[in-house]
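Numbering (the UniProt record's numbering), first residue to last: 52 to 627. Positions of the beta carbon are idealized from the N, C-alpha and C atoms, including for glycine. In this text, all values refer to a predicted model and were calculated from it rather than measured experimentally. Below you'll find the structure, written out as structure tokens, and then a few comments.
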Ligand code: LR7
Ligand code: MN
């Protein structure tokens with residue numbers, strides 16, 4: 052794995068078994084590693100942008116070909132009804148070449164109508180719902196850096212075609228210093244003719260998506276701001292469920308279900324309606340199965356709004372005044388990353404509600420890697436943003452992040468005093484409150500006795516995940532004192548956990564595996580006997596013992612005895 056790698060995954064699988072189980076790796080996760088960790092200087096020279104902000108307002112002239120074609124007219128075109136696009140064999144080389152420009156199949160996207168039809172993917176019950184007759188108006192804010200023409204304009208057209216005109220105030224495109232000519236005057240001329248007021252703002256220099264969104268928000272004249280990524284497709288009825296929740300409570304931040312537009316074929320693939328947003332110790336946003344308590348709160352109605360601990364970040368509606376009241380975004384965050392968790396924690400901790408409206412469905416092109424540069428370095432930027440996030444919002448739990456990912460300690464958060472003042476001013480609750488009331492299933496445990504290395508008294512070796520994955524044996528190796536793979540939490544639920552993995556033994560002489568934490572005791576329950584310094588497995592009554600020479604790198608389960616090989620010290624001596 053590259054350093055600074057981070058994961059992005061697709062939300063499109065039916066979840067597996069237990070509460071808070073990560074949606075299965077094999078089915079849906081795609082590792083997202085960021086290329087372009089160039090460390091190069093900020094890119095400023097753009098082909099067309101004159102610097103400063105230019106704005107264009109639409110004229111009223113409407114050309115026939117701009118009108119949405121009916122399904123009939125586009126029949127036979129690739130991708131209609133959200134179907135996958137097949138690239139002819141003789142075009143595969145071109146396809147591969149073009150893929151690199153955006154890290155998705157541009158050739159496929161270019162073959163699909165800007166108005167392509169989609170199936171109505173909503174749950175039955177959603178189609179029958181009636182919403183308040185007076186919903187607020189919204190402005191759509193779409194930020195982009197070097198987006199492709201067809202994905203950007205298909206996003207815009209899907210908004211125009213599938214939103215009630217009375218609710219749609221305007222569409223604001225924020226160009227974050229793109230370097231593609233067609234995103235200059237050509238784009239302005241095009242949007243000027245759209246049937247909905249649409250204009251282009253430009254950041255003076257590369258600002259990152261966070262500050263680009265702040266610029267867009269400043270120009271919003273609707274009552275609600277709706278943010279979208281620049282490669283989305285909104286489906287029938289997507290907007291009303293979002294706005295309706297804000298009418299009920301203006302402190303609600305509402306996301307659609309984010310369906311998957313395949314980066315390979317542009318097929319529209321529905322996502323599970325039973326996943327919500329969480330995060331791991333590295334502060335990667337992840338999808339997890341909605342626990343049964345939340346299903347019960349919704350009376351098992353799959354069309355009812357779902358309270359989610361965190362959001363993916365790109366697609367949501369928020370009351371405009373509330374957006375500013377609650378502290379908009381952290382302007383100190385650059386390019387990409389962290390702002391979605393920052394806003395999630397902030398909204399919950401400061402009196403708001405974060406929801407997914409399952410009757411609202413919007414497709415998004417999920418990519419496996421990012422096509423654009425991170426001026427200043429990918430890792431540095433993401434770590435910087437996360438440092439700001441943890442310093443302001445995570446309280447004691449920031450140690451989970453730093454100890455598990457020690458490289459992050461090098462990053463500087465910069466000055467976060469404004470954000471801390473905001474937290475005070477809004478009288479926000481603690482992260483403990485958040486874990487207790489919003490996210491008891493969190494991988495960062497609410498109550499824990501210990502966080503650090505677990506050292507064998509005899510051998511000066513430490514338990515070590517060795518970077519292994521699910522269902523593999525836990526390792527043991529020389530204590531390096533740097534955290535990372537040697538950091539474990541001993542929780543009040545008596546788990547010994549590292550991120551989403553828990554020490555787990557299924558039989559009385561081992562092995563001791565690392566299995567996804569299920570929070571249900573069983574094979575994952577361990578009692579630390581502080582006197583004897585035993586780590587005793589409840590189900591089998593056996594004790595954890597250091598490795599012998601034969602099984603050099605894995606600890607064993609053996610009948611409890613008084614040898615030093617079964618004594619474990621939980622007293623961190625980290626070197627940072
Ligand atoms: O410097 C930049 N300037 C920009 O304007 C970098 C990016 N951008 C734009 C970019 O063109 C795109 O429109 O910002 C938008 C998001 O960037 P993507 O699409 O390259 O990244 P992503 O889809 O992985 O982004 C997800 O995580 C981000 C963390 O900062 C943001 O919160 C994105 O909005 C978010 N996208 C979604 O939530 C869609 C679902 C993805 C998931 C999970
Ligand atoms: Mn995106």
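Going by the CB atoms, is the gap between residue j and residue i shorter than 8 Å?
i, j, result
"residue 298", "residue 464", "no"
"residue 315", "residue 166", "no"
"residue 539", "residue 505", "yes"
"residue 332", "residue 494", "yes"
"residue 273", "residue 220", "yes"
"residue 489", "residue 371", "no"
"residue 608", "residue 561", "yes"
"residue 215", "residue 293", "no"
"residue 189", "residue 224", "no"
"residue 455", "residue 364", "no"
Cβ of residue i versus every heavy atom of the ligand MN: is any distance shorter than 7 Å?
i, result
"residue 226", "no"
"residue 388", "no"
"residue 280", "yes"
"residue 328", "no"
"residue 435", "no"
"residue 415", "yes"
Compute the minimum distance between the beta carbon of residue i and the heavy atoms of the ligand LR7, and state whether it is under 7 Å.
i, result
"residue 196", "yes"
"residue 259", "yes"
"residue 363", "yes"
"residue 39", "Any property of residue 39 remains undetermined from this structure, which presents the chain solely from 52 to 627."
"residue 339", "no"
"residue 391", "yes"
"residue 263", "yes"
"residue 39", "The structure shown has nothing for residue 39, since the chain only spans 52 to 627."
"residue 359", "no"
"residue 421", "yes"
"residue 309", "yes"
"residue 233", "no"
"residue 155", "no"
"residue 250", "no"
"residue 150", "no"
"residue 336", "yes"
Helix, strand or coil for residue i? Go by DSSP, reduced to three states.
i, result
"residue 396", "helix"
"residue 233", "helix"
"residue 33", "Nothing can be reported for residue 33: it is not among the residues displayed for the chain, which extend from 52 to 627."
"residue 133", "helix"
"residue 535", "helix"
"residue 266", "helix"
"residue 343", "helix"
"residue 87", "Low per-residue confidence applies at residue 87: pLDDT is 32, beneath 50, and the placement is therefore not dependable enough to give any value."
"residue 321", "coil"
"residue 586", "strand"
"residue 176", "helix"
"residue 619", "strand"
"residue 484", "helix"
"residue 104", "With a pLDDT of only 36 at residue 104, under 50, the local geometry of the prediction cannot be trusted, and the value read off the model is given with reservation. Coil."
"residue 57", "Confidence at residue 57 is low in this model, with a pLDDT of 41, below 50, so its placement is unreliable and no value can be given for it."
"residue 272", "coil"
"residue 327", "strand"
"residue 604", "coil"
"residue 312", "strand"
"residue 472", "helix"
"residue 220", "strand"
What whole-angstrom Cβ distance do residue i and residue j have, given they're in contact under 8 Å?
i, j, result
"residue 279", "residue 191", "6 Å"
"residue 392", "residue 334", "6 Å"
"residue 194", "residue 268", "Not confirmed; about 10 Å, so no contact."
"residue 230", "residue 197", "6 Å"
"residue 238", "residue 251", "6 Å"
"residue 508", "residue 618", "4 Å"
"residue 369", "residue 308", "At roughly 17 Å, the Cβ-Cβ gap does not stay under 8 Å, so residue 369 and residue 308 are not in contact."
Flag residue i as yes when its Cβ comes closer than 7 Å to any non-hydrogen atom of the ligand FAD, and as no otherwise.
i, result
"residue 366", "In the structure on display, the ligand FAD does not appear, and the ligands it does have are the ligand LR7 and the ligand MN."
Using a Cβ-Cβ cut-off of 8 Å, state whether residue i counts as contacting chain B.
i, result
"residue 188", "Among the chains of the structure shown, chain B does not appear; only one protein chain is present."
Stretch-stretch touch, CB-based, cutoff 8 Å, three pairs: the region 294-310 with the region 435-445: Flag = no, the region 294-310 and the region 435-445 do not touch.
Counting pairs of beta carbons, one from the region 134-149 and one from the region 405-421, are three or more of them closer than 8 Å? Taking a cut-off of 8 Å on C-beta distances, the region 134-149 does not touch the region 405-421, as fewer than three cross pairs fall below it.
Any 3 or more C-beta pairs closer than 8 Å across the region 253-264 and the region 374-392: Contact between the region 253-264 and the region 374-392 is present, because at least three Cβ pairs lie under 8 Å.
Touch test, the region 281-292 against the region 400-416, Cβ-Cβ under 8 Å, three pairs minimum: Three or more beta-carbon pairs drawn from the region 281-292 and the region 400-416 are found closer than 8 Å, and the two stretches are therefore classed as touching.
Given 8 Å as the limit, is there contact between the region 569-585 and the region 535-552, that is, 3 or more CB pairs closer than that? Here the region 569-585 makes contact with the region 535-552; the two share three or more CB pairs at distances below 8 Å.
Flag this pair as touching only if the region 165-179 and the region 440-452 have three or more C-beta atom pairs under 8 Å; answer yes or no. By the Cβ test, the region 165-179 is not in contact with the region 440-452, since fewer than three Cβ pairs between them sit closer than 8 Å.
Can you confirm whether the region 343-361 touches the region 396-405 when touching is taken to mean that 3 or more C-beta pairs between the two stretches lie within less than 8 Å? The region 396-405 vs the region 343-361: in contact.
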